[in-house]
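In this note's numbering, the protein residues as written are 655 to 1001. All C-beta atoms, glycine included, are put in the ideal place defined by N, C-alpha and C.
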Ligand SMILES: Cc1cc2nc3c(=O)[nH]c(=O)nc-3n(C[C@H](O)[C@H](O)[C@H](O)COP(=O)(O)O)c2cc1C
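Rendered as structure tokens:
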């Protein structure tokens, strides 16, 4: 069965799930054009995730995917956390604020309890994708029994082979160019493979359909990865600027005025690619202390972002973007999908 049949879409194009940027309106706009819309729900409570899915189902009768995080939960090392808080303290003091005394686990993993699974089983989106790892066997089985298509991000061949062995339906090959968090299973190991090379490698060694993600901003780039063995493409950065995303004004402005991105784990505790900000230029010095575990580190960063932005300093923002952000175009989501379809069809 082709990926178009599997996902019941007209075009081999997926909107990337983007926690903090996804909205039901953006997902529905993409799905209504015959591509696959998506909701990044990893930062939501199960109740909020359910509300977003129901809202999307009100806006479209077309298929869409939802996305959750499958990170291995780590205990917070209190000494590491204290050193990190002390390191970041002067940044808070710039705004006459004090950092929190403790860091919280702001996002539970899909692996840690079945509340998210129950939301998916109850609301039945067409597909569910996972970042940072593979769900438990009982979770995969329950999704299969419900007829929901499963997809997991891979950043190297070992992860792709583990995804295939687990009985997942589709592999998302996330190249090093990708905006947002690296989908790496082990946060201390990153093979850092380019999208084009990763697609070829996975397509050669695995039998599952492969979706290419990372650095794809136009139809020419999409065509190139489709030729290399990808069955479809997934774009994130290109859609962040759409009016129906929830990106704030500072983020939108930065997307069109900056074009340098960097991978850093200082914001969240896991490596993620975003536009250069204070984290990269001032805090990521080689002598900085070790960052606490994900997502505890993100708790601190989000509090600093909120303190700074209240005083109109947006340089601490988590402005996730892929390395080809310089090629971003100002287009509504429906127009962007139609433009990509046209460009893919044109020789
Ligand atoms: C703002 C933003 C948020 C993201 N959030 C998620 C997420 O919640 N879940 C996920 O699986 N991937 C997430 N990603 C990664 C995308 O799925 C995808 O790999 C990436 O956008 C592809 O690269 P591109 O941005 O160059 O198109 C995010 C990417 C961006 C840009």
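Cβ-based burial, residue i [other Cβ within 10 Å; buried from 16]
i: residue 978; result: buried
i: residue 973; result: buried
i: residue 935; result: exposed
i: residue 953; result: buried
i: residue 939; result: exposed
i: residue 960; result: exposed
i: residue 843; result: exposed
i: residue 812; result: exposed
i: residue 756; result: exposed
i: residue 701; result: exposed
i: residue 903; result: exposed
Residue i to residue j span [Cα, whole Å]
i: residue 836; j: residue 918; result: 10 angstroms
i: residue 690; j: residue 681; result: 8 angstroms
i: residue 929; j: residue 891; result: 11 angstroms
i: residue 1039; j: residue 784; result: Any answer about residue 1039 is impossible in this case: the structure gives the chain only from 655 up to 1001.
i: residue 832; j: residue 913; result: 14 angstroms
i: residue 819; j: residue 866; result: 20 angstroms
i: residue 829; j: residue 659; result: 25 angstroms
i: residue 846; j: residue 699; result: 31 angstroms
i: residue 887; j: residue 851; result: 14 angstroms
i: residue 1011; j: residue 679; result: Nothing can be reported for residue 1011: it is not among the residues displayed for the chain, which extend from 655 to 1001.
i: residue 825; j: residue 807; result: 6 angstroms
i: residue 668; j: residue 767; result: 28 angstroms
i: residue 910; j: residue 721; result: 27 angstroms
i: residue 822; j: residue 655; result: 15 angstroms
i: residue 717; j: residue 942; result: 45 angstroms
i: residue 693; j: residue 770; result: 13 angstroms
i: residue 802; j: residue 949; result: 28 angstroms
i: residue 869; j: residue 723; result: 21 angstroms
i: residue 728; j: residue 664; result: 41 angstroms
i: residue 906; j: residue 834; result: 15 angstroms
i: residue 859; j: residue 809; result: 14 angstroms
i: residue 880; j: residue 793; result: 31 angstroms
i: residue 975; j: residue 916; result: 9 angstroms
i: residue 790; j: residue 697; result: 20 angstroms
i: residue 814; j: residue 840; result: 13 angstroms
i: residue 711; j: residue 983; result: 28 angstroms
Assigned secondary structure, residue i (DSSP; H/G/I helix, E/B strand, else coil)
i: residue 687; result: coil
i: residue 723; result: strand
i: residue 667; result: strand
i: residue 764; result: coil
i: residue 865; result: strand
i: residue 693; result: strand
i: residue 888; result: strand
i: residue 839; result: coil
i: residue 893; result: helix
i: residue 972; result: coil
i: residue 781; result: strand
i: residue 786; result: coil
i: residue 746; result: helix
Any chain D beta carbon closer than 9 angstroms to residue i
i: residue 999; result: The question asks about chain D, but that chain is absent: this structure has only one protein chain.
Requested in this report: For the stretch 741-751 and the stretch 956-972, state whether three or more C-beta atom pairs, one from each stretch, are separated by less than 8 angstroms.
Outcome: yes
Fully enclosed by the stretch 897-964, which alpha helix (DSSP H) runs are 4 residues long or longer?
-> 903-911 and 950-964
> Whole alpha helix (DSSP H) runs in the stretch 804-835 with 4 or more residues, listed along the chain?
Replying inline: 811-819
Specify whether the stretch 895-905 and the stretch 861-875 touch according to this definition: at least 3 beta carbon pairs, one from each stretch, less than 8 angstroms apart.
-> no
Practice problem: Count the CB pairs spanning the stretch 982-991 and the stretch 789-807 that are closer than 8 angstroms, and state whether there are at least three. | Solution: no
With a threshold of 8 angstroms, are at least 3 pairs of Cβ atoms found where one atom belongs to the stretch 701-721 and the other to the stretch 774-782? yes
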